[in-house]
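A.B. asks: First residue of the sequence shown: 1070, per our numbering; consecutive thereafter. Beta carbons are placed, not taken as given, at the ideal position from N, Cα and C, and that holds for glycine. Note that the structure is a prediction, hence the values are computed from the model and not measured.
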Amino acid sequence: MTFNLNNLVRENVRKLKPYSSARDEYIADGSKKIFLDANESPYVNGINRYPDPQQRSLKSVLAKRYSLTEANILLGNGSDEILDLIFRAFCEPLEDNIITVPPTYGMYKVLAGINAIENREVLLTLDFELDVEQILESIDANTKLVFLCSPNNPTGNSFSIAHITQLLNNFHGLVVVDEAYIDFSGKKSWLPKLNEHENLIVTRTFSKAYGMAGLRLGVCYASEGVITVLNRIKPPYNVNELTQKRAFSMIKDLGLVEEQISEILKQRKDLVAQLGQIGFIEKIYPTDANFILVKVDNADERYRQILDRGVVVRNRSAQPLCENTLRFTVGNPQENKTLLEVLKSL
Ligand SMILES: *Cc1c(COP(=O)(O)O)cnc(C)c1O
1070 MTFNLNNLVR ENVRKLKPYS SARDEYIADG SKKIFLDANE SPYVNGINRY
1120 PDPQQRSLKS VLAKRYSLTE ANILLGNGSD EILDLIFRAF CEPLEDNIIT
1170 VPPTYGMYKV LAGINAIENR EVLLTLDFEL DVEQILESID ANTKLVFLCS
1220 PNNPTGNSFS IAHITQLLNN FHGLVVVDEA YIDFSGKKSW LPKLNEHENL
1270 IVTRTFSKAY GMAGLRLGVC YASEGVITVL NRIKPPYNVN ELTQKRAFSM
1320 IKDLGLVEEQ ISEILKQRKD LVAQLGQIGF IEKIYPTDAN FILVKVDNAD
1370 ERYRQILDRG VVVRNRSAQP LCENTLRFTV GNPQENKTLL EVLKSL
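1. Would you kindly work out how many angstroms separate the C-alpha atoms of LYS1277 and TYR1250, rounded to a whole number?
2. Alpha carbon to alpha carbon, what distance is there between PRO1111 and GLY1182?
3. When you compare only the Cα positions, how much space is there between THR1398 and TYR1372?
4. At which residues does the beta strand (DSSP E) containing VAL1363 begin and terminate?
5. Where do the N-terminal and C-terminal ends of the beta strand (DSSP E) with ASP1247 fall, by residue?
6. Go ahead and pull the three-state DSSP assignment for LEU1199.
7. Which residue wins for smallest C-alpha separation from PHE1349, given the options VAL1411, LYS1102, SER1219, VAL1215?
8. Assign ILE1103 to buried or exposed, taking buried as 16 or more other Cβ atoms, counted over all protein chains shown, within 10 Å of its Cβ.
9. Evaluate the contact criterion for the region 1320 to 1330 versus the region 1201 to 1221: three or more CB pairs, one atom per stretch, below 8 Å.
10. Would DSSP call THR1274 helix, strand or coil?
11. Could you tell me the boundaries of the alpha helix (DSSP H) in which LYS1352 lies?
12. Following a CB-centred definition, is THR1356 positioned closer than 7 Å to any heavy atom of ligand 1?
13. Below 6 Å CB to CB, which residues in the same chain sit around LYS1364 once its five sequence neighbours on both sides are set aside?
14. With H, G and I counted as helix, E and B as strand and the rest as coil, what does DSSP make of PHE1104?
15. From GLU1404 to ARG1378, what distance separates their C-alpha atoms?
16. Assign GLY1115 to one of three DSSP states: helix, strand, or coil.
17. Does ligand 1 have even one heavy atom less than 7 Å from the beta-carbon of TYR1174?
18. Who's in the neighbourhood of ligand 1, going by beta-carbon under 6 Å from any heavy atom, listed in chain order?
19. Since VAL1201 contacts GLN1235 with CB under 8 Å, what's their CB separation in whole angstroms?
20. Find the nearest neighbour of ASP1357 within the set VAL1271, ASP1149, LYS1256, judged by alpha-carbon distance.
21. Quick one: grab the DSSP three-state call for ASN1393.
22. Measure from the alpha carbon of ASN1166 to the alpha carbon of each residue in PRO1305, ARG1396, SER1207, then state which is nearest.
23. GLU1198 to PHE1228, Cα distance in whole Å?
24. Near VAL1334, what residues of its chain come up, given a Cβ to Cβ distance below 7 Å and the 5 sequence neighbours on each side ignored?
25. Quick one: using the 10 Å Cβ neighbour count with 16 as the cut-off for buried, is ARG1157 buried or exposed?
26. Whole angstroms is fine: what's the gap from TYR1119's alpha carbon to TYR1306's?
27. Looking at the secondary structure, which residues open and close the beta strand (DSSP E) in which ASN1307 lies?
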């Protein structure tokens, strides 16, 4: 069996005709028209018109930045919407299954539950690497998707290129690589590999390094075929006008964001060094992200003590292989200083 996109798409989605607004057909030709088609208010305030359902301006700058075409890009209301669209396009409820590799981002499992899709969990190895043999063994004819988060949340490491490549080459469903934290990593992105692997989907977000979690913007990069399928089922106006405008101007001028990323990396390095001095921290896991996972003597107790002193961290102990771990997001210098003072006072 080889990769065949058409066989992966749910039957109802294959037959679907996407919703089309009359506007969509006329906006592309660039000529000035009077729009009395969508019952909007005629009074101009910057947001009185429906937003561009294809987000052309924003996609064009993203395409240029990553040497792709606009046909390789789908934008969503956060990557959470994108992940949900991927489920709904490819997974038949109560029939198909997906594979996730805990400890990992919790949303994949939640979305599997919402969409009534079996979630097959294949644990990472003890050093948080992919167990490719085990993943391949868990795959059957109804396995549509494998979700990988690299750099991984909550462990912080990136998966080996060789392992992901082995999976891409031997699995004939789609491999989703969630690169939410790639901007904090010195490792290579999978974006340049899209041309080599038809079954690769890369997701990104504006919520972390770009500092726009409140904006809700996620990006999906994939083959033209995959993007065409997802476009069929996305809500027409899923990315609002303010988000499109704000993200567009930010992408045009990344200077500030780049400065912030290097400051966070510097802070991360300092924080790792200082955490090494804390007696009850037994292990600091290597990280390619803007957070640090640590193993402590008693996570529930330490979590509570830290919280009582006014700092909210994340207790990841319920995740497999993460017993007694806490995850610290790298904050600004003052916040990190306070975190360290709190930890030292315990
Ligand atoms: C934070 C995070 C996201 C971002 O989701 P948005 O809906 O875009 O805010 C995606 N994936 C992972 C693994 C994350 O940790």
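C.D. replies: Considering the structure as presented:
1. 7 Å
2. 43 Å
3. 14 Å
4. 1360 to 1365
5. 1243 to 1247
6. coil
7. VAL1411
8. exposed
9. no
10. strand
11. From DSSP, LYS1352 is part of no alpha helix (DSSP H) but of the beta strand (DSSP E) over 1350 to 1353.
12. no
13. GLU1351, LYS1352, ASN1393, THR1394
14. coil
15. 13 Å
16. coil
17. yes
18. GLY1147, SER1148, ASP1149, TYR1174, CYS1218, ASN1222, ASP1247, ALA1249, THR1274, SER1276, LYS1277, ALA1282, GLY1287
19. 5 Å
20. LYS1256
21. coil
22. SER1207
23. 6 Å
24. Contrary to the premise, residue 1334 reads as Leu rather than Val in this sequence. Only PHE1253 meet the Cβ criterion.
25. buried
26. 7 Å
27. That residue, ASN1307, is in no beta strand (DSSP E); it is neither H nor E in DSSP.
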